[in-house]
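The structure appears below as C-alpha cells.
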Amino acid sequence: MSLAIYNFLTGQKEPFKGVTEGQVSRFVCGPTVYDYSHLGHAKTYVSFDVIVRWLRYSGYNLRYVQNITDVGHLLDDGEDRILKGARRERVEPMQIVEKYMREYFTDMDALGVARPDISPRASAHVPEQIEMIQTLIEGGHAYVVNGSVYFSVESFSEYGKLSGRKVEDMEAGKRVAVRDEKRHPQDFALWINAPEAHILQWPSPWGRGYPGWHIECSAMAAKYLGETFDIHGGGVDNIFPHNECEIAQSESAHGKPFANYWMLGGTLLIDGVKMSKSLGNFVTIKDALERHRPEALRMFILSGLYRSPADFSEGALEAASKGSDRLNTAARRVREALKNPPDLGPDATPEMTNNLIETLDQMRMRFASAMNDDFNAPLALSVLFDLGTEANRWIDKGIASREALEQADNIFRELGGDVLGVIRAVEVASGGSAAREAGLVQMLIELRAQARASRDFARADAIRNQLAALGVTLEDGAKGTGFRVS
RNA sequence: GGCCACGUAGCCAAGUGGUAAGGCAAGGGUCUGCAAAACCCUCAUUCGUCGGUUCAAUUCCGACCGUGGCCUCCA
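Sequential numbering from 637 applies to the first sequence in our numbering.
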C-alpha cells in the first residue's frame, strides 16, 4: 500500500516518489512573527504535523524546514509587519520577532506540533537572498530600478501554473496602485530600496534595502533542501501571489523544478467566514486553549481533510471535544484493564482471541490505507473510534484477553498518540503531590463507600459532587469505584 | 467582473459508477440507590436544483442556484 498525495500543481492524486528513495524533503511556509498565532495557523500546522508524523511512522527519513518570516512582509500601506509590531509595542523590531517567535513555538508545543528540523529566519539569510537575486538579474529574470529589484513575470512563461492564473487575465491596479517603476504590473519585488530612516536594512549591490517577502522561501529552501525537493506545503491563501512567486524565482534561478508536490491546506473559517482582524472574529491559539484541551483542537482540525476549509464554531469544537473524551476514555480503560485484568468469561477462548487480533490487524490496515490516501485523517480517526467501541465491548463481554488488550493499547498509543496526537500519553502519576492526591481521593472514595453501605446517599452524593467540582469524576464499576481527573 | 473550490441527516464530516464511514446531538433500553462510564437498538430509500451519458450516478458531463476562498495583507 503506497503513499499517494494530492498535488496542487497537477490537480491530481499521484503516487509519491521522492527525489531520494526513502527520504522526504519538505518545506512549509511559516508565520510572520509580529503578533500572536491564531487558529488559522493551528489548522495549517496541525495538519502538516500529522503528515510529518505519518511519514516518520511509515519509515521515511524526513527533513522538515519551516521558515520564520521576520522581515520584508509588507502590509497594504507598504509598512513592514515587523515594524508595525515594533511601533505598536514601542520596542526594537527584533524584540518583536523574538517575542512572537517564542510565543509561536509555545503555542505549537501546546498543540503537540512537532518542531521543524530547521526554522530558518529571513533576516539571517540576507546574503543567500542577495546571491539568488544576483543570479536572477544575470539570467535576465530581474531588473534594477532606483535601488530596488523586481522579478519580471514575462521572463517566466510558466508564471501562474500553480494558481491557474494567466498574467493576461489579471488586470493590474484593481486594488493597489501600481508602482510606476515596474515594467509589468505583475512584477514583484525581490529587493526593496530602503529610505534612510527605515529601521530594517542591509547593504546590497543595489544600495541599502531589505528583501522582498517571497525570495526568502526560495533562498532558504534551496539552501537546506536543495534546488529541487519533494513537498512544499502551506495554506491555500498563500497560493497567489506568494507560492507562485516562489516557483517563478526558484525555477528561473536554477532552471529545474522547485517542489515536486504542492500541498495546500484549506482555509479556516469562523462561523462560515474567514477569520480576520477587521471582522473581529480573530481567535488566538491561546484563547482557544483556555477553553479547550489541545486534543480537542486537534480532533476538530483532524475531523476534516487538510485541504478542505474548516468552519470553526463553539458547537463544532464542543462536539470534537466530546469525541476526544470518548476516545481517551476508551484508551484509558484499555490501559487500566491491562494493569488490572478483568475477569474473562467462558467465551474467552483462544479462537476468540485470534478473532480479536485479526480485527485489530484490520484496523491497522484500514488506518494505514486512509493515511496513505493523501493523509485522510478523518477516515483514520473513524478507525480509532471503531477500536474504542470494540475494546469497550470486549471488556464488557469478558473476552478481552491480555494479547488483545496489548494490541489495542499499541494501536491507541502509536496511531492515536504518536501519529494523530489525539490520545494523551499515559499520565505519569509520579511525584509526591500526585501520589498524595491519589491517596486523598482514595480516602474520600472509601468514606463515600461507607456512606453508601449505610444508605446515606445524600452524604455519598455530596462527596461525589464536591469532587466533581474539583474536576475529579468518580465512576462506580463492578470491581469498585475508580476516578479520573480532568 | 476573472479564476478556483465546495454544497451529504438537527450539527460537524468521510466516501464510492452498483444503491451512504465516523463524531456530536436526539429517542428507547441494559447496568446503577441515583449518576458517570459503557453496551444494545432507533435516527439520510437519500447525497443543492434541473437536465444529459450509462444496464446503473450521490459519485461522470452540462446548466442553474447557493456558500466560501483567491485576484499582490493573511497559515
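Cβ coordinates follow ideal geometry from the N, Cα and C atoms, glycine included.
Three-state secondary structure (DSSP) of residue i
i, result
"residue 641", "strand"
"residue 895", "strand"
"residue 908", "coil"
"residue 776", "coil"
"residue 869", "strand"
"residue 808", "Bear in mind that the predicted position of residue 808 carries a pLDDT of just 44, short of 50, making it too unreliable to give a figure here."
"residue 719", "helix"
"residue 1004", "helix"
"residue 813", "Low confidence applies here, because residue 813 scores a pLDDT of 47, under 50, leaving its location unreliable; read the following figure in that light. If DSSP states are grouped into helix, strand and coil, residue 813 belongs with coil."
"residue 825", "strand"
"residue 674", "strand"
"residue 1108", "strand"
"residue 842", "coil"
"residue 580", "Outside the shown range of the chain, which is 637 to 1122, sits residue 580, and nothing can be said about it."
"residue 697", "strand"
"residue 669", "coil"
When the options are compared against residue i, the one with the closest alpha-carbon
i, options, result
"residue 833", "897, 719, 761, 928", "719"
"residue 890", "1039, 881, 864, 876", "864"
"residue 857", "895, 910, 964", "895"
"residue 1015", "937, 838, 822", "937"
"residue 942", "916, 903, 953, 927", "903"
"residue 1100", "1114, 1090, 1115, 1082", "1082"
"residue 1000", "639, 1051, 758", "1051"
"residue 678", "918, 776, 801", "918"
"residue 706", "1058, 732, 911", "732"
"residue 992", "1027, 964, 825", "1027"
"residue 1031", "966, 926, 668", "966"
"residue 939", "1012, 771, 655, 987", "1012"
"residue 646", "897, 1018, 920", "897"
Local Cβ density within 10 Å of residue i, reported as buried at 16 or more and exposed below that
i, result
"residue 969", "buried"
"residue 923", "exposed"
"residue 1093", "exposed"
"residue 683", "buried"
"residue 744", "buried"
"residue 1079", "exposed"
"residue 1109", "exposed"
"residue 823", "buried"
"residue 979", "exposed"
"residue 852", "buried"
"residue 950", "exposed"
"residue 703", "buried"
"residue 756", "buried"
"residue 660", "buried"
"residue 1086", "exposed"
"residue 997", "exposed"
"residue 1043", "buried"
Length of the line joining the Cα atoms of residue i and residue j
i, j, result
"residue 1045", "residue 971", "7 Å"
"residue 808", "residue 721", "Here residue 808 scores only 44 on pLDDT, less than 50, and its place in the model is too uncertain to base an answer on."
"residue 751", "residue 741", "8 Å"
"residue 697", "residue 671", "33 Å"
"residue 780", "residue 708", "18 Å"
"residue 1112", "residue 958", "21 Å"
"residue 842", "residue 754", "30 Å"
"residue 1075", "residue 977", "22 Å"
"residue 1095", "residue 1084", "7 Å"
"residue 769", "residue 797", "22 Å"
"residue 652", "residue 1047", "25 Å"
"residue 764", "residue 827", "12 Å"
"residue 893", "residue 725", "42 Å"
"residue 657", "residue 866", "11 Å"
"residue 1049", "residue 847", "45 Å"
"residue 735", "residue 761", "20 Å"
"residue 738", "residue 926", "19 Å"
"residue 727", "residue 667", "20 Å"
"residue 1060", "residue 964", "7 Å"
Supposed contact pair residue j and residue i - C-beta distance, whole angstroms, cut 8 Å
i, j, result
"residue 908", "residue 873", "No, residue 908 and residue 873 are not in contact; Cβ-Cβ is about 16 Å, not under 8 Å."
"residue 1010", "residue 836", "Not quite, the Cβ-Cβ distance comes to about 40 Å (not below 8 Å), so this is no contact."
"residue 880", "residue 799", "5 Å"
"residue 1035", "residue 983", "5 Å"
"residue 928", "residue 885", "With a Cβ gap of about 40 Å, residue 928 and residue 885 do not count as contacting."
"residue 899", "residue 644", "7 Å"
"residue 1103", "residue 1077", "7 Å"
"residue 825", "residue 844", "Incorrect: roughly 15 Å between the Cβ atoms, too far for contact."
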